[in-house]
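Asks: Sharing a structure, written as structure tokens. Questions coming.
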């Protein structure tokens, strides 16, 4: 399985294109700039199959409807944030003094359980990693040794917890119980910034000292 990181929007939110040898593609967190994203999909000659959201903050959902309509895709999100796509107060766009609030139509599928999940030709593990937001998930591809962590874990940092539904202690527990137990060579694909590895964060992340 291959992946492509595509930073989008004013917050440079990382969208990920995950694809196999047959070019089937899973789009994770299309946050903004649909034209840029479509151009990248076309350049790689990918065939999108679905949109998967790690969580529903505004900077991760801004291009959802444009991309879902362009490729006739269905959208997946954790059930705890099922109302966030349509509500600018819950997804945060109302609070950031933006000219226009950001919304998207409701998701087609709600993720209710952890564990193995399949979408089309893609099979992966879903971990519930709340703390940054109540319905945050991380998406683990064990055979390919990478995890898409959304805004839970960053290179040298962790997600902010001062937004509605955030909880610092819960986030630290999520990272410890769901992510740091992965093999140390697992590559972490975060929602912002450069990639890292589980081992590197265990050794050097100042927010995780003592775990």
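Numbering (the working numbering), first residue to last: 110 to 320. Note that the Cβ used here is the ideal one computed from N, Cα and C, for glycine as well.
Tell me the DSSP secondary structure of residue 221 in three-state form.
Replies: It is coil, neither helix nor strand.
Asks: For residue 294, report the span of its alpha helix (DSSP H) as first-last.
Replies: It is not in any alpha helix (DSSP H) - residue 294 carries neither H nor E in the DSSP assignment.
Asks: Enumerate in chain order the residues of its own chain whose CB-to-CB distance from residue 279 is below 7 Å, with the five nearest sequence positions on each side excluded.
Replies: Closer than 7 Å at the Cβ level, and outside the excluded window around residue 279, lie 239 and 240.
Asks: Do residue 289 and residue 166 count as a contact pair if the criterion is CB distance below 9 Å?
Replies: Not a contact, by the Cβ cut-off of 9 Å.
Asks: According to DSSP, residue 113 sits in a beta bridge with which residue or residues?
Replies: 126.
Asks: Under the DSSP definition of a beta bridge, which residues are partnered with residue 159?
Replies: Beta-bridge pairing links residue 159 to 135.
Asks: On the DSSP bridge assignment, give the partners of residue 154 in chain order.
Replies: Answer by DSSP bridge pairing: none, since residue 154 is not bridged.
Asks: Nearest-angstrom Cα distance between residue 223 and residue 194?
Replies: Taking the straight line joining both Cα atoms gives about 21 Å.
Asks: Between residue 285 and residue 312, what straight-line distance do the alpha-carbon atoms span, to the nearest angstrom?
Replies: Each residue's alpha carbon lies about 13 Å from the other.
Asks: Identify the continuous alpha helix (DSSP H) that holds residue 310 and give its terminal residues.
Replies: First-last of the alpha helix (DSSP H) with residue 310: 307-313.
Asks: What three-state label does DSSP hand residue 245 in the structure shown?
Replies: Reduced to three states, the DSSP call for residue 245 is coil.
Asks: Tell me whether residue 255 is buried or exposed, calling it buried when 16 or more other Cβ atoms sit within 10 Å of its Cβ.
Replies: Answer is buried; the Cβ neighbour count reaches 16.
Asks: Run the CB neighbour count on residue 169, radius 10 Å, all protein chains shown included, and call it buried at 16 or more, exposed below.
Replies: Result: buried.
Asks: Considering only C-alpha positions, which residue in the set 179, 152, 275 and 214 is nearest to residue 158?
Replies: When only C-alpha atoms are compared, the closest one is 179.
Asks: Using DSSP bridges, identify the partner residues of residue 299.
Replies: 259, per the DSSP bridge assignment.
Asks: Please report the residue range of the alpha helix (DSSP H) in which residue 277 lies.
Replies: That run of the alpha helix (DSSP H) goes 277-283.
Asks: Please report the distance separating the alpha-carbon of residue 185 from that of residue 243.
Replies: Approximately 16 Å, taken between the alpha carbons.
Asks: Could you have a look at residue 266 and say whether DSSP puts it in helix, strand or coil?
Replies: Correct three-state label for residue 266: strand.
Asks: Just verifying my parser: in three-state terms, what is the DSSP assignment at residue 169?
Replies: Here residue 169 sits in helix by DSSP.
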